[in-house]
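Here our numbering is used: the first residue of the sequence shown is 108, the next is one more, and so on. Presented below is the structure to which this report refers.
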Amino acid sequence: MDKIIYDNGYDRKAYAALGNRFLIGNGLVGIRGTLEEYTADLLPAINLAGVYDKVENFREPVNLPNALYSYIKVDGNNYRLPDLKPASHKISLDYGHGIFMRSSSWTCPRGNICLETRRIASMDDVNLIVMELKVSADFHAEAEIYTGIDTDIWDLNGRHLEDFSIINEDIIHYEARTHEEGIRVVMDETIEAASDCEITSVREDGRYLHRISFITRPGEAFRIVKYISFDTSKTAADPVCSSADVLKRSITLGYEEVMDRHMSVWDRLWDNADVEIKGNDEANTALNYSLYHLMSIAPRHADNLSIPARGLSGQTYRGAVFWDTEMFMLDFFIFTEPDTARKLIKYRIDTLPGAMKKAAHYGYKGAFYAWESQEGGFDACSDYNVIDVFTGRPMRTYFKDKQVHISAAIVYGLCRYLDWTGDMSLLDDGGAEMIMQCALFYLSILVKSIFNDYYEIRDVIGPDEYHERVNNNVYTNRMAKYVFEKAAKILREGYLDISDSERDSLIEGFEDGAKHILIKKPDENGIIPQFDGYEQLEDASLADVRSRLLNDKEYWGGAYGVASDTRIIKQADVVTMLNLFADDYSLDTISRNWSYYEPRTEHGSSLSAGMYSLLACKIGNPGMAWPFFLKSARADLSEKGKEWAGLLYIGGTHPAAAGAAYMIAVEGFAGLSVKNGELTCNPSLPKEIEEISFKIFYKQQQYSIRVSHDSYSIDEIN
Ligand code: IFM
Numbered sequence: 108m109d110k111i112i113y114d115n116g117y118d119r120k121a122y123a124a125l126g127n128r129f130l131i132g133n134g135l136v137g138i139r140g141t142l143e144e145y146t147a148d149l150l151p152a153i154n155l156a157g158v159y160d161k162v163e164n165f166r167e168p169v170n171l172p173n174a175l176y177s178y179i180k181v182d183g184n185n186y187r188l189p190d191l192k193p194a195s196h197k198i199s200l201d202y203g204h205g206i207f208m209r210s211s212s213w214t215c216p217r218g219n220i221c222l223e224t225r226r227i228a229s230m231d232d233v234n235l236i237v238m239e240l241k242v243s244a245d246f247h248a249e250a251e252i253y254t255g256i257d258t259d260i261w262d263l264n265g266r267h268l269e270d271f272s273i274i275n276e277d278i279i280h281y282e283a284r285t286h287e288e289g290i291r292v293v294m295d296e297t298i299e300a301a302s303d304c305e306i307t308s309v310r311e312d313g314r315y316l317h318r319i320s321f322i323t324r325p326g327e328a329f330r331i332v333k334y335i336s337f338d339t340s341k342t343a344a345d346p347v348c349s350s351a352d353v354l355k356r357s358i359t360l361g362y363e364e365v366m367d368r369h370m371s372v373w374d375r376l377w378d379n380a381d382v383e384i385k386g387n388d389e390a391n392t393a394l395n396y397s398l399y400h401l402m403s404i405a406p407r408h409a410d411n412l413s414i415p416a417r418g419l420s421g422q423t424y425r426g427a428v429f430w431d432t433e434m435f436m437l438d439f440f441i442f443t444e445p446d447t448a449r450k451l452i453k454y455r456i457d458t459l460p461g462a463m464k465k466a467a468h469y470g471y472k473g474a475f476y477a478w479e480s481q482e483g484g485f486d487a488c489s490d491y492n493v494i495d496v497f498t499g500r501p502m503r504t505y506f507k508d509k510q511v512h513i514s515a516a517i518v519y520g521l522c523r524y525l526d527w528t529g530d531m532s533l534l535d536d537g538g539a540e541m542i543m544q545c546a547l548f549y550l551s552i553l554v555k556s557i558f559n560d561y562y563e564i565r566d567v568i569g570p571d572e573y574h575e576r577v578n579n580n581v582y583t584n585r586m587a588k589y590v591f592e593k594a595a596k597i598l599r600e601g602y603l604d605i606s607d608s609e610r611d612s613l614i615e616g617f618e619d620g621a622k623h624i625l626i627k628k629p630d631e632n633g634i635i636p637q638f639d640g641y642e643q644l645e646d647a648s649l650a651d652v653r654s655r656l657l658n659d660k661e662y663w664g665g666a667y668g669v670a671s672d673t674r675i676i677k678q679a680d681v682v683t684m685l686n687l688f689a690d691d692y693s694l695d696t697i698s699r700n701w702s703y704y705e706p707r708t709e710h711g712s713s714l715s716a717g718m719y720s721l722l723a724c725k726i727g728n729p730g731m732a733w734p735f736f737l738k739s740a741r742a743d744l745s746e747k748g749k750e751w752a753g754l755l756y757i758g759g760t761h762p763a764a765a766g767a768a769y770m771i772a773v774e775g776f777a778g779l780s781v782k783n784g785e786l787t788c789n790p791s792l793p794k795e796i797e798e799i800s801f802k803i804f805y806k807q808q809q810y811s812i813r814v815s816h817d818s819y820s821i822d823e824i825n
């Protein structure tokens with residue numbers, strides 16, 4: 108099936124949603140699917156991975172100037188959106204090859220005018236962006252293309268690029284520095300155009316442009332190619348030289364070759380990643396489109412980056428890395444690009460010092476990872492994460508201080524990688540130390556009452572963020588137990604260069620922690636209470652709680668949110684725990700908890716549906732899994748995602764939901780797992796699909812897997 112999505116017709120109001128849906132990226136930059144003539148108010152962005160900047164209290168990733176900025180004039184009139192209604196308009200995304208395309212036409216008294224563009228963020232050379240732009244008219248007219256760099260950048264909070272200088276010649280050369288650290292940011296842009304035109308340089312406010320004047324000829328399009336290169340002093344010793352080199356190289360290669368190279372990288376990636384769902388084109392498209400997003404934002408080019416929660420779609424959530432990466436996205440990379448998976452985990456290993464600093468700051472031992480991790484493991488999460496809609500004041504939230512489950516997610520990710528790849532070298536490369544430090548952290552937050560023989564973890568926030576500062580969240584405690592067990596195991600296996608007595612005492616501590624930590628048991632109805640006292644909260648229905656909202660954007664959790672004193676939860680919590688530790692529970696208990704918690708879940712996070720879907724497959728109910736699968740896979744195709752938490756903008760793409768969709772297809776519907784060291788499948792296909800096939804890597808061997816309702820095959824690929 109062709110990997111293409113379209114949006115036909117023009118709706119000005121859709122600019123934010125389409126910017127996300129038609130995003131292209133190459134792991135270093137994400138380019139929002141906005142139109143070339145859009146100015147900062149319509150949210151265009153070339154979002155740069157790994158370069159952060161702080162203005163006042165906000166530290167967020169840098170958006171580069173909009174070097175795609177372009178518009179056209181014919182017979183002296185501007186033809187651009189949203190100003191002038193088009194006769195036809197269509198944008199498309201070839202998500203098989205990361206190509207954004209646009210075609211708009213206008214009718215004027217003398218005939219029809221058409222503008223077409225194609226753009227890529229090169230996968231072959233990640234510091235390169237290329238765009239082809241064609242103008243045609245069915246009459247002879249004087250026409251102009253204005254194209255160059257718009258320095259008016261869409262920033263959520265503050266002006267990050269300062270003191271810019273620009274040389275507006277054949278090459279438009281832009282240089283600026285970030286506000287906080289003075290990181291040099293360089294961008295170059297140039298065009299190739301046919302010889303029968305005149306090119307001059309012009310400036311319109313903050314836009315530095317080439318004006319290309321030509322005469323339109325019926326039946327013939329006038330074409331230019333724009334090459335854009337960029338670099339920063341964060342990664343290049345001399346960003347001016349390296350950006351210039353990229354530009355020169357791409358011009359020498361030429362448009363066709365640049366495109367060919369870009370597309371072959373995509374072909375290679377798809378060869379390993381494609382999942383074919385037979386019998387349901389909608390699901391097939393939604394799933395592979397989700398995988399496209401994951402592939403577009405993976406930092407293959409770098410050794411010190413991971414994937415932010417909103418991908419590279421903008422500055423939402425401070426461009427930070429959350430547990431989303433390890434718990435929701437990592438499986439896709441482990442199965443299809445193990446080298447990339449390794450890099451994602453290496454990012455956490457390298458940010459261990461930051462996690463240890465955070466633990467020490469709170470008076471704990473070991474490693475307490477950043478809830479919102481930027482470079483070096485710096486926790487960008489603010490103490491006031493939500494702005495109250497009523498007072499306009501920041502509300503104290505405790506995500507950063509109390510979501511202690513983050514460290515366990517990182518250990519879980521590493522262990523998943525080890526189990527599936529067999530690449531134990533990561534343990535010697537800092538992984539063993541990381542596990543041990545995370546276990547030490549959990550040991551240091553255990554609390555023992557003199558009346559009880561178990562350990563508790565008090566005052567935390569579990570995945571359900573609406574209930575803050577609770578005791579013995581079952582997900583958190585079970586994950587801590589998991590970390591203790593893993594740490595004791597790697598110590599027993601002799602990893603880490605420490606004395607025998609130190610080893611023995613650590614093992615003893617971790618085993619004791621694992622044995623005595625309180626894991627809340629199912630009650631007489633088989634329901635596992637999410638935390639101490641959960642069952643005493645008001646059992647209001649979701650509809651009731653929703654009806655108590657006074658404002659659409661109102662935050663449901665925190666000190667006085669509508670959900671806080673009720674059993675309504677934001678996202679899968681106990682259900683996430685059951686997914687990870689399904690073997691510890693009977694099918695009956697799992698089913699009861701699924702049925703109990705689902706109606707009490709708002710699914711206010713795009714992470715939630717995936718966990719319900721996966722668990723439904725595990726209990727052999729793919730019918731229940733199906734709508735949640737579609738919800739996850741369509742998170743960025745539909746416009747249903749929340750855009751506001753209080754007055755905080757949280758719009759953007761949802762790579763965790765994309766990763767969850769993959770897990771549902773492969774581990775849920777196909778039921779892929781390892782039993783006694785062998786790959787096996789346990790098909791749980793919904794009636795809506797006939798067959799599912801994909802390739803995965805397991806212990807460095809690639810397999811081709813095909814699963815239908817009543818059979819499956821797993822074949823080695825040679
Ligand atoms: O990590 C999630 C969290 O679980 C819910 N709020 C949004 C975060 C980023 O996706």
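C-beta: ideal position from N, C-alpha, C; glycine also. These figures come from a predicted structure and were not determined experimentally.
Sub-8 Å separation of K333 and V237 beta-carbons: Closer than 8 Å, so yes.
Environment of A380 [buried if 16+ CB atoms lie within 10 Å]: For A380, the number of other beta carbons within 10 angstroms of its own is at least 16, and it is reported as buried.
Beta-carbon proximity check, I198 vs G126, cutoff 8 Å: Their beta carbons are not under 8 Å apart, which means I198 does not touch G126 by this criterion.
Candidates Y454, K161, V590 and A448, of which the one nearest R284 by Cα: Nearest option by C-alpha distance: K161.
beta-carbon Q678 near the ligand IFM non-hydrogen atom, thresh 7 Å: Yes, the Cβ of Q678 comes within 7 Å of a heavy atom of the ligand IFM.
DSSP-derived helix/strand/coil call for R655: Looking at R655 - three-state DSSP - the assignment turns out to be coil, as it is neither helix nor strand.
Span of the beta strand (DSSP E), counted from its first residue to its last, around I456: Premise fails: I456 lies in the alpha helix (DSSP H), P445 to D457, not in any beta strand (DSSP E).
Residues near R368 in its chain [Cβ-Cβ closer than 6 Å; skip 5 each side]: Excluding sequence positions up to five before and after R368, its CB lies within less than 6 Å of the CB of D231, all in the same chain and listed in chain order.
L714 Cβ short of 7 Å to the ligand IFM heavy atom set: In this structure, L714 has its CB closer than 7 Å to one or more heavy atoms of the ligand IFM.
Reference R599, options T224, F506, I812 and D611, closest by Cα: For R599, the nearest C-alpha among the options comes from D611.
Among I322, L191, G313 and T258, the one whose alpha carbon lies nearest that of E249: Looking at I322, L191, G313 and T258, the one whose alpha-carbon comes closest to that of E249 is I322.
From L316, F638, I319 and T339, residue whose alpha carbon lies closest to that of R291: With distances taken between Cα atoms, R291 lies closest to T339.
Burial state of N115, where buried means 16 or more other Cβ atoms lie within 10 Å: Its Cβ having fewer than 16 others within 10 Å, N115 is exposed.
Beta-carbon contacts of M531 that lie in its chain and below 7 Å, excluding the five residues immediately before and after: Cβ within range, chain order: L525.
According to DSSP, residues forming a beta bridge with P501: The beta-bridge partner set that DSSP reports for P501 consists of I494.
Cβ contact check for the stretch 704 to 713 and the stretch 664 to 682: 3 or more pairs under 8 Å: These segments touch.
Own chain residues within Cβ distance below 6 Å of E572, not counting five before or after: Leaving aside the five residues that flank E572 on each side, the residues in its chain whose CB is nearer than 6 Å to its CB run, in chain order, G664 and K677.
Separation of R674 from F591, as counted between CA atoms: Roughly 30 Å separates the two Cα atoms.
D374: CB within 7 Å of a non-hydrogen atom of the ligand IFM: For the ligand IFM, no non-hydrogen atom lies closer than 7 Å to the CB of D374.
DSSP beta-bridge partners of C221: Bridge partners of C221: S212 and S243.
Check: W430 C-beta below 7 Å from any heavy atom of the ligand IFM: Yes, the Cβ of W430 comes within 7 Å of a heavy atom of the ligand IFM.
Check whether I494 and G137 have beta carbons under 8 Å apart: Going by C-beta atoms, I494 is not nearer than 8 Å to G137.
Among V577, Y176, G759 and Y549, the one whose alpha carbon lies nearest that of A467: Across the set V577, Y176, G759 and Y549, the C-alpha of Y549 shows the shortest separation from the C-alpha of A467.
Assigned secondary structure, L603 (DSSP; H/G/I helix, E/B strand, else coil): L603: coil per DSSP, three-state reduction.
Every unbroken beta strand (DSSP E) within the stretch 118 to 195, with a cutoff of 3 residues, ordered by chain: Listed in chain order, they are 136 to 138, 153 to 162, 165 to 171, 177 to 181 and 184 to 186.
Collapsed DSSP secondary structure at Q643 in the structure displayed: Three-state DSSP puts Q643 in a helix.
Cβ-Cβ distance between E823 and Y810 below 8 Å: Between E823 and Y810, the gap from beta carbon to beta carbon is short of 8 Å.
In DSSP terms, what H280 is bridged to: Per DSSP, the beta bridge partners of H280 are I274 and D295.
Coarse secondary structure for L755, derived from DSSP in three states: In the structure shown, L755 sits in a strand (DSSP, three-state: E or B).
Assigned secondary structure, K341 (DSSP; H/G/I helix, E/B strand, else coil): Of the three classes helix, strand and coil, the one that applies to K341 here is coil, per DSSP.
Nearest residue (CA-CA) to V372, options T214, I441 and I206: Per the Cα distances, I206.
S489 in three-state terms, based on DSSP: Reduced to three states, the DSSP call for S489 is coil.
Proximity winner among D295, N275 and G313, relative to T307 (alpha-carbon distances): Residue N275 is the option with its Cα nearest to T307.
Backbone CA spacing between F735 and V293 [nearest angstrom]: The C-alpha of V293 is placed about 44 Å away from the C-alpha of F735.
C-beta atoms of N185 and P151 nearer than 8 Å: Result no, Cβ atoms of N185 and P151 do not sit closer than 8 Å.
Delimiting residues of the beta strand (DSSP E) encompassing N115: It spans I111 to N115 - the beta strand (DSSP E) in which N115 sits, taken as one unbroken run.
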